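S.K.: Protein sequence lines, in the order shown, are assigned to chains A and B.
Throughout the first sequence, residue numbering follows our numbering, covering 13 to 95 in sequence.
Throughout the second sequence, residue numbering follows our numbering, covering 9 to 159 in sequence.
The beta carbon of each residue, even a glycine, is placed where N, CA and C say it ideally should be.
These figures come from a predicted structure and were not determined experimentally.
Below is one structure. I have some questions about it.
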Amino acid sequence: MSLRVLYFARLRERFGMAEETLDRPGATVADLVAHLQARGGVWAEELAAGRSFRVAIDQALATPETALPEQAEVAIFPPVTGG
Amino acid sequence: MQIRVQAEAFDLGTEVDALRAGRLDVGAVASFVGYARDINDGSGVTAMTLEHYPGMTEKALAALADEAAARWSLIDTTIIHRIGRLLPGDPIVLVAVASRHRGDAFAACEYLMDALKTRAPFWKKEETPDGERWVDARASDDAAAARWEPS
Numbered sequence: 013m014s015l016r017v018l019y020f021a022r023l024r025e026r027f028g029m030a031e032e033t034l035d036r037p038g039a040t041v042a043d044l045v046a047h048l049q050a051r052g053g054v055w056a057e058e059l060a061a062g063r064s065f066r067v068a069i070d071q072a073l074a075t076p077e078t079a080l081p082e083q084a085e086v087a088i089f090p091p092v093t094g095g
Numbered sequence: 009m010q011i012r013v014q015a016e017a018f019d020l021g022t023e024v025d026a027l028r029a030g031r032l033d034v035g036a037v038a039s040f041v042g043y044a045r046d047i048n049d050g051s052g053v054t055a056m057t058l059e060h061y062p063g064m065t066e067k068a069l070a071a072l073a074d075e076a077a078a079r080w081s082l083i084d085t086t087i088i089h090r091i092g093r094l095l096p097g098d099p100i101v102l103v104a105v106a107s108r109h110r111g112d113a114f115a116a117c118e119y120l121m122d123a124l125k126t127r128a129p130f131w132k133k134e135e136t137p138d139g140e141r142w143v144d145a146r147a148s149d150d151a152a153a154a155r156w157e158p159s
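Here it is, written out as structure tokens:
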């Protein structure tokens with residue numbers, strides 16, 4: 013059981029990866045973000061409090077309080093700029 | 009409902025004809041086409057590349073069309089968004105809405121563009137004389153989308 017975590021656009025470039033597989037680090041989106049921040053470096057910088065980014069769980073926008081399923085496709089990306 | 013994410017260009021006339029085809033109850037079609045500009049934030053833009061989140065993009069656009077259909081009296085909706093590398097003057101996005109009367113088509117078309125700008129997972133990277141840069145989200149787009157929230 014695990015999370016497939018995808019990164020897009022500027023975050024994909026900064027993190028140097030498009031996706032990875034993680035064991036579920038906690039119960040909520042906020043727990044996952046804290047886990048990634050703890051890596052330090054660009055992770056701490058880009059995911060710091062006050063930085064603007066979005067999280068989607070199974071392709072639906074989520075909030076920090078959203079529960080992390082045991083197994084899910086999670087995506088972390090900058091605010092969108094299409095249209 | 010027609011939702012397409014594609015690298016190819018589209019033609020407004022062709023898409024409006026397809027939206028109306030065989031439907032004589034359509035009294036109004038409102039459409040919006042967004043184009044790539046050659047200037048943004050004070051510097052020249054020679055090209056842009058649009059990235060998206062395959063899977064979520066199509067779901068998000070379909071959800072927006074469903075919301076518009078629940079809110080206004082619509083006959084059908086077409087949303088097309090391009091991806092890949094585009095040059096100034098190239099069409100990026102098309103929203104076309106068919107309804108019996110103009111009010112519903114105008115309002116739904118504007119709503120769909122405002123909602124797409126803040127909720128559909130696309131990202132633009134511009135090529136400028138100073139190098140490449142990711143486009144930042146605009147507060148004015150959030151404000152435009154917020155106008156449609158119940159107050």
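For His89 (chain B), I'd like the list of residues in its chain whose CB is within less than 6 Å of its CB, leaving aside the five on either flank, ordered along the chain.
M.R.: Val13, Val101
S.K.: Are the beta-carbon atoms belonging to Ile83 (chain B) and Ala106 (chain B) less than 7 Å from one another?
M.R.: yes
S.K.: Kindly list, in the order they appear in chain A, the residues whose Cβ is closer than 7 Å to that of Pro96 (chain B).
M.R.: Within chain A, no residue comes near Pro96 (chain B); the closest Cβ sits about 16 Å away, beyond 7 Å.
S.K.: Whose C-beta lies closer than 6 Å to the C-beta of Glu75 (chain B) among residues of the same chain, with five residues either side of it excluded?
M.R.: none
S.K.: Let's test the definition: count the other Cβ atoms within 10 Å of the Cβ of Arg63 (chain A) and tell me whether it reaches 16, buried, or not, exposed.
M.R.: exposed
S.K.: Ile69 (chain A): which of A:Pro81, A:Leu59, A:Ala61 sits nearest, CA to CA?
M.R.: Looking only at A:Pro81, A:Leu59, A:Ala61, the smallest Cα-Cα distance to Ile69 (chain A) is reached by A:Pro81.
S.K.: Roughly how far, in whole angstroms, is the beta-carbon of Val37 (chain B) from the beta-carbon of Val24 (chain B), given that I think they are within contact range, below 8 Å?
M.R.: The Cβ separation is near 5 Å, so the contact holds.
S.K.: Give the interface partners of Ala87 (chain A) over in chain B, defined as CB-CB distance under 9 Å, in chain order.
M.R.: Tyr61, Met64, Pro129
S.K.: Against chain B, with Cβ distances strictly below 7 Å, would Gln83 (chain A) count as a contact?
M.R.: no
S.K.: List, in order along the chain, the chain A residues whose C-beta lies closer than 7 Å to that of Thr86 (chain B)?
M.R.: Simply none; closest approach about 15 Å.
S.K.: List the residues that DSSP assigns as beta-bridge partners of Leu94 (chain B).
M.R.: B:Met56
S.K.: Could you name the residues that DSSP lists as bridge partners for Glu85 (chain A)?
M.R.: A:Arg16
S.K.: Taking just the CA atoms, how far does Asp33 (chain B) sit from Ile156 (chain B)?
M.R.: Note on identity: in this sequence residue 156 (chain B) is Trp, with Ile being the wrong assignment. Roughly 27 Å between the two C-alpha positions.
S.K.: In chain A, which residues lie with their C-beta within 7 Å of the C-beta of His109 (chain B)?
M.R.: Those within 7 Å of His109 (chain B) in chain A number zero; the least Cβ separation is about 26 Å.
S.K.: Between which two residues does the beta strand (DSSP E) harbouring Tyr43 (chain B) extend?
M.R.: Segment 36-43, the beta strand (DSSP E) holding Tyr43 (chain B).
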